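Comments concern the structure below.
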Amino acid sequence: MATRSILIVDDMKTVRLKLKQVCKDVGIENIYEAVDGVQALQLLEGLSVDLILSDWNMPNMTGIELVAKIRENPRLTKTPIIFITSENEKGAILKSLMSGVTDYIVKPFPDAIVKQKICALLKIPMKP
Amino acid sequence: MAAAESTNQVLEGVNYITLPGSLGEDAVNTLVAKMNGWAELDAEMHVMDFKATLNFTNAFFVAAQAFAEKLKAKNSKLISVNMSEAVAKEVKRLGLEASFNRIQNFPGDLYKKKTLSENDLRRLLFKYLAQAAFAAVETTLQSTVSCDENYSAKAEEVPLNQFDMISAVNVNNDFLQAEFRLCSSSKVLERLARAMLGPDTVIDAELIESMALELLNMIYGHAKSNLNDKESFRLPSVIPRLMRKTEFNRIKRSGAAQLTIMPMVTPMGAFYVEVDFGTTRPS
Numbered sequence: 862m863a864t865r866s867i868l869i870v871d872d873m874k875t876v877r878l879k880l881k882q883v884c885k886d887v888g889i890e891n892i893y894e895a896v897d898g899v900q901a902l903q904l905l906e907g908l909s910v911d912l913i914l915s916d917w918n919m920p921n922m923t924g925i926e927l928v929a930k931i932r933e934n935p936r937l938t939k940t941p942i943i944f945i946t947s948e949n950e951k952g953a954i955l956k957s958l959m960s961g962v963t964d965y966i967v968k969p970f971p972d973a974i975v976k977q978k979i980c981a982l983l984k985i986p987m988k989p
Numbered sequence: 644m645a646a647a648e649s650t651n652q653v654l655e656g657v658n659y660i661t662l663p664g665s666l667g668e669d670a671v672n673t674l675v676a677k678m679n680g681w682a683e684l685d686a687e688m689h690v691m692d693f694k695a696t697l698n699f700t701n702a703f704f705v706a707a708q709a710f711a712e713k714l715k716a717k718n719s720k721l722i723s724v725n726m727s728e729a730v731a732k733e734v735k736r737l738g739l740e741a742s743f744n745r746i747q748n749f750p751g752d753l754y755k756k757k758t759l760s761e762n763d764l765r766r767l768l769f770k771y772l773a774q775a776a777f778a779a780v781e782t783t784l785q786s787t788v789s790c791d792e793n794y795s796a797k798a799e800e801v802p803l804n805q806f807d808m809i810s811a812v813n814v815n816n817d818f819l820q821a822e823f824r825l826c827s828s829s830k831v832l833e834r835l836a837r838a839m840l841g842p843d844t845v846i847d848a849e850l851i852e853s854m855a856l857e858l859l860n861m862i863y864g865h866a867k868s869n870l871n872d873k874e875s876f877r878l879p880s881v882i883p884r885l886m887r888k889t890e891f892n893r894i895k896r897s898g899a900a901q902l903t904i905m906p907m908v909t910p911m912g913a914f915y916v917e918v919d920f921g922t923t924r925p926s
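Right under this line is the structure:
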């Protein structure tokens, strides 16, 4: 099985660490972190990832702005992006769908949901 | 290049439909078959995105109206986004504005405005804050929290100097002016962080501060989303900020009539969520 890589974008260290644990649990070996959209874009200039997990409300660049920038890049148009955010209003869901987000997880999140969605997108068998 | 067929994506109760570039007879027939399937989805809202649509036939409007009627019977909503003026004019000519529900000002047009009394506003706010705290503690920390939405501690019983950290969110729009604060000791935050991240994680100062911020983010965010969606509130998205002990003198707590302090008691210790309605500027 090819080595998978994921980029986690969140300004909160607790969330980045939690998501990192979840990613390791499903067997992801290469996990990159960014504290905001600006850092994420800098990392993506030199990096190829299989999946991006991003928060919405972050300083310097919102998750929506980040998704728009990612989708403008021909190299990244098809990279799956999951929003992991406390934003749960219908308007927010719609906005993220219009911006090109692949999937959505609402905070607070059970680990099982995150694992399920990562495994489904990356076609990784779920561990029992 | 616009797609030849309509596509849809369902996320969190929203069925997002991208219409194809051309809506001729064949495309409409395909769309009708899909609409019959979409009408059975468990979605509160169906959105038609017209951004790729260049031309259309009358048959499309008939099909969309029928789709809207099916959704109405299921208490589900159909809205239209990125509708060109040409399409909007045709919708108006056919008298179908109520079926298409064109949204131009986003997301404002999505929500119906409602006038709330001060009492109702506060009652609902505390109710949903309590629910949000339950969700945050149960889901993220796999623990329990005891919180009574009808009980407010007295400020003199909960002096700020007993805390080490206060995260805050300041709301100042035409709907509400208030400051939301989450007050806690480092010890309790450390225990909460350990519950979230596991016993083997080294909990450093950055993680403790992050816990204070993220906990308020989850509680405010969860309450905000539900209040805006279900009770027609208009609370904004705000990123929490952190105040350490040396900055507490900037906080000017309002009197009892304008301040509600909700104790949140967990097996790992208590933290407090207070809502100060007397604040219009950040502490």
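Taken in order, these protein sequences are the chains called A and B. Start counting the first sequence at 862; every next residue gets the next number (this note's numbering). Start counting the second sequence at 644; every next residue gets the next number (this note's numbering). Every residue, glycine too, gets a C-beta built ideally from N, C-alpha and C. This one's a predicted model, so the numbers in the text were calculated from it and none came from an experiment.
For chain A, is any of its Cβ atoms less than 8 Å away from the one on residue i?
| i | result |
| --- | --- |
| B/M911 | no |
| B/T787 | no |
| B/M644 | Low per-residue confidence applies at B/M644: pLDDT is 49, beneath 50, and the placement is therefore not dependable enough to give any value. |
| B/A716 | no |
| B/N860 | yes |
| B/E857 | yes |
| B/T650 | no |
| B/I882 | yes |
| B/D817 | no |
| B/G664 | no |
| B/L850 | yes |
| B/A779 | yes |
| B/N935 | Residue 935 of chain B lies beyond the stretch modelled for chain B, which goes from 644 to 926, so this question has no answer here. |
| B/G921 | no |
| B/S853 | yes |
| B/H865 | yes |
| B/N813 | no |
Pop quiz: residue i and residue j are said to be a contact at Cβ under 8 Å. What is the actual Cβ separation, rounded to whole angstroms?
| i | j | result |
| --- | --- | --- |
| B/I722 | B/M688 | 7 Å |
| B/A711 | B/S742 | 4 Å |
| B/V865 | B/A811 | It should be pointed out that residue 865 of chain B corresponds to His in this sequence rather than to Val. Between B/A811 and B/H865 the Cβ distance is about 17 Å, and since that is not below 8 Å, they are no contact. |
| A/I867 | A/V910 | 6 Å |
| A/T940 | A/I931 | 7 Å |
| A/N949 | B/E655 | 7 Å |
Taking Cβ positions, are residue i and residue j nearer each other than 8 Å?
| i | j | result |
| --- | --- | --- |
| B/S795 | B/M907 | no |
| A/V967 | A/T946 | yes |
| B/F823 | B/Y863 | yes |
| B/N725 | B/K770 | no |
| B/I809 | B/C790 | no |
| A/E890 | A/R877 | no |
| B/S839 | B/T903 | A small fix is needed here, since residue 839 of chain B is Met in this sequence, not Ser. Taking 8 Å as the Cβ cut-off, B/M839 and B/T903 do not qualify as a contacting pair. |
| A/M959 | B/D817 | no |
| A/D972 | A/I943 | no |
| A/I954 | B/V845 | no |
| B/F920 | B/A821 | yes |
Starting from residue i, trace the alpha helix (DSSP H) both ways and give me its first and last residue.
| i | result |
| --- | --- |
| B/I862 | A848 to E874 |
| B/G680 | E668 to W681 |
| B/S829 | S829 to L840 |
| B/R887 | It is not in any alpha helix (DSSP H) - B/R887 instead sits in the beta strand (DSSP E) that spans R884 to R887. |
| A/T875 | K874 to D886 |
| A/I954 | K951 to S960 |
| B/N744 | B/N744 -> no alpha helix (DSSP H), and no H or E assigned at all. |
| B/F704 | N701 to A716 |
| B/A778 | E761 to A778 |
Can you check whether the C-beta of residue i is within less than 8 Å of a C-beta belonging to chain B?
| i | result |
| --- | --- |
| A/V876 | yes |
| A/I913 | no |
| A/V850 | Coverage of chain A is limited to positions 862 through 989, which leaves residue 850 of chain A absent and any answer about it impossible. |
| A/P969 | yes |
| A/I867 | no |
| A/S947 | yes |
| A/D886 | no |
| A/I954 | yes |
| A/M873 | yes |
| A/P920 | yes |
| A/E950 | yes |
Can you tell which of the options has the C-alpha that lies nearest to the C-alpha of residue i?
| i | options | result |
| --- | --- | --- |
| A/N921 | A/G898, A/A973 and A/T963 | A/G898 |
| B/D872 | B/K756, B/L858, B/S742 and B/L856 | B/K756 |
| A/V883 | A/P986, A/I985 and A/I979 | A/I979 |
| B/F806 | B/S828, B/K797 and B/A729 | B/S828 |
| B/P879 | B/M886, B/L870, B/L885 and B/M678 | B/L870 |
| B/R837 | B/A773, B/E890 and B/S786 | B/S786 |
| B/I882 | B/L654, B/N698, B/V814 and B/G667 | B/V814 |
| B/E781 | B/V730, B/N698, B/D843 and B/M861 | B/M861 |
| B/M886 | B/W681, B/L768 and B/A855 | B/A855 |
| B/G738 | B/V705, B/A716, B/S727 and B/R766 | B/V705 |
| B/E890 | B/V653, B/L803, B/L753 and B/G841 | B/L803 |
| B/V653 | B/N672, B/R877, B/A670 and B/W681 | B/W681 |
For residue i, report the span of its beta strand (DSSP E) as first-last.
| i | result |
| --- | --- |
| B/G912 | G912 to D919 |
| B/L737 | From DSSP, B/L737 is part of no beta strand (DSSP E); its letter is neither H nor E. |
Would you say the beta carbon of residue i comes nearer than 7 Å to a heavy atom of the ligand HEM?
| i | result |
| --- | --- |
| B/F876 | For the structure depicted, the ligand HEM is absent and the ligand set is empty, with no information on it obtainable. |
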